[in-house]
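Trainee: Protein chains in written order, with the working numbering: chain A, 5 to 195; chain B, 5 to 195. Pasting a structure here, questions to come.
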DNA sequence: AGGTGATGACTAACCATGTTAGTTGACCGG
DNA sequence: CCGGTCAACTAACATGGTTAGTCATCACCT
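Below, the structure written as structure tokens:
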């Protein structure tokens, strides 16, 4: 049998994305992706460098998609309103794409894979540009951006991991959490 | 060959802990654990219910250890000092036991495994008792404890995942992050 | 039109891992 | 001393990743 289907890298990554978002990142295997595409596992090597390569492609897609969504969400906004929009969009992305979201951690080291490292830090850059517009003391901007990132990521990660035991409203808790951090950031702004 | 070594559940879980803390949670396999113990993989079934059972035992150990350390760390302290001690101990645990720490997520659903769910929520209980002593409005205590948990977990998770790109001092960023949340909590305390 | 080469799928084979079944030798209580 | 239990074992099988080698199809070039 020769060339039967018009399989492309896009198709492979798309299929893997669907599996990851539906059944979790660990459900991705060459076997499951190949099966979804109606193809045998070795055929995937024509498009992707093994399982590791597939995961890498998935991470690229995740970084690019999230960065694009965040850039869109902040359009026309500045200051705390922009930060709130970014946090909400970030959380929404994680809800809609839990599998892609999981590819962010652990991050590759800059030595191992500088290209992928840069792609995964793209979303952070969007937040950074909003913060510099707010005229924060340069000495404290890095800890503050880390605090915001930690709070948002931590909340989403716990939420996705079903780690909040109590039935109390989770949306409200998210608002409380990010407002707490954003207010603290605003109090150090000179804009 | 019959009964040769005095292998116990403790030995198995201990070996798995060492592997997980050194090489990551995903490095745990029955093969790697058995090899470390000088035993064949099927022998482990005499002590543990397969790989899933081993991971479950590891999660129990993680929950118990962290809860004990946190209870110790808060001894004699109250209020914001207690919260700061808890956060520091939590982070220290994650640094010393990254493999055990990773077992906390994703959490099992209460329906699937109520026993393990309870064990993993034990550390949260320690924080809860400190907060109730601080006399916080019961309506806002749940969002606040979630904010604190999200910030601390998020920070540690990003840190362990090498996701902080910049070389800026990480200890200082941690202090900034948790002080930010703890100060907000303190401002709502009536104690 | 027909030959040629690249493409992209395939089968076969190998290795590692998890798991089950059945076996065997050592210890322990009667 | 004898019999049962326990805890290790070997054998066998399934699944998944990977490599090597095969072969049909398509595009292009003469």
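Just so it is clear, CB atoms sit at the ideal spot from N, CA and C, and this is done for glycine as well. From a predicted model like this one, the values you see are computed outputs, not experimental measurements.
Kindly indicate which three-state DSSP category residue 182(B) falls into: helix, strand or coil?
Mentor: helix
Trainee: When DSSP builds the beta bridges, which residues end up paired with residue 193(A)?
Mentor: 140(A)
Trainee: Compare the C-alpha of residue 47(A) against each of 141(A), 183(A), 10(A) and name the closest.
Mentor: 10(A)
Trainee: Which bits of chain B does residue 110(A) rub up against, with CB to CB less than 7 Å?
Mentor: 165, 166
Trainee: Alpha helix (DSSP H) containing residue 23(B): first to last residue?
Mentor: 13-27
Trainee: Please report the distance separating the alpha-carbon of residue 84(A) from that of residue 94(A).
Mentor: 15 Å
Trainee: Grab the span of the alpha helix (DSSP H) containing residue 223(B) for me, first residue to last.
Mentor: There is no way to answer for residue 223(B), as the model of chain B reaches only from 5 to 195.
Trainee: Going along the chain, which residues of its own chain have a beta-carbon closer than 8 Å to the beta-carbon of residue 90(A), five neighbours each way excluded?
Mentor: 74, 77, 78, 130, 131, 134
Trainee: At 9 Å on the CB atoms, spell out the chain A contacts of residue 103(B), in chain order.
Mentor: Per Cβ cutoff of 9 Å: no residues; residue 103(B) is ~13 Å from chain A at best.
Trainee: Is any beta-carbon of chain B found at less than 7 Å from that of residue 146(A)?
Mentor: yes
Trainee: Name the chain B residues whose beta carbon is nearer than 9 Å to that of residue 153(A)?
Mentor: 158, 159, 162, 167, 168
Trainee: Please state if the CB of residue 170(A) and the CB of residue 16(B) are separated by a distance shorter than 7 Å.
Mentor: no
Trainee: Taking 7 Å as the threshold (C-beta atoms), are residue 157(A) and residue 165(B) in contact?
Mentor: no
Trainee: Identify the contact partners of residue 125(B) in chain A, using a Cβ-Cβ distance below 9 Å as the criterion.
Mentor: Within 9 Å Cβ-Cβ: 167, 169.
Trainee: Which residues in the same chain have their Cβ closer than 6 Å to the Cβ of residue 126(A), if we skip the five residues on either side of it in sequence?
Mentor: 67, 71
Trainee: Nearest-angstrom Cα distance between residue 34(B) and residue 118(B)?
Mentor: Each residue's alpha carbon lies about 25 Å from the other.
Trainee: If the cut is a Cβ gap below 7 Å, which residues of chain B does residue 184(A) touch?
Mentor: 151, 185, 188
Trainee: Using the three-state DSSP reduction, which class does residue 99(B) fall into: helix, strand or coil?
Mentor: The answer is helix: DSSP assigns residue 99(B) an H, G or I state.
Trainee: Taking the CB atoms as reference points, tell me whether residue 181(B) and residue 154(B) lie closer together than 7 Å.
Mentor: no
Trainee: Ignoring anything shorter than 4 residues or poking outside the stretch 108-175 of chain A, list the alpha helix (DSSP H) runs there in chain order.
Mentor: Listed in chain order, they are 118-137, 142-164.
Trainee: What residues from the stretch 8-28 of chain A come within 7 Å of chain B, judged by C-beta to C-beta, listed N to C?
Mentor: If the cut-off is 7 Å between Cβ atoms, the stretch 8-28 of chain A has nothing near chain B.
Trainee: Do residue 124(A) and residue 106(A) have their CB atoms nearer than 7 Å?
Mentor: no
Trainee: Give me the chain A residues within the contact set of residue 177(B), using Cβ-Cβ distance strictly less than 8 Å, ordered along the chain.
Mentor: 146, 147, 150, 151
Trainee: For residue 186(A), which option in 87(A), 36(A), 69(A) has the closest C-alpha, if you only look at C-alpha atoms?
Mentor: Distances from the CA of residue 186(A) to each of 87(A), 36(A), 69(A) were compared; the closest alpha carbon is that of 87(A).
Trainee: Excluding the 5 residues flanking residue 143(B) on each side, which residues of the same chain have their C-beta closer than 6 Å to its C-beta?
Mentor: none
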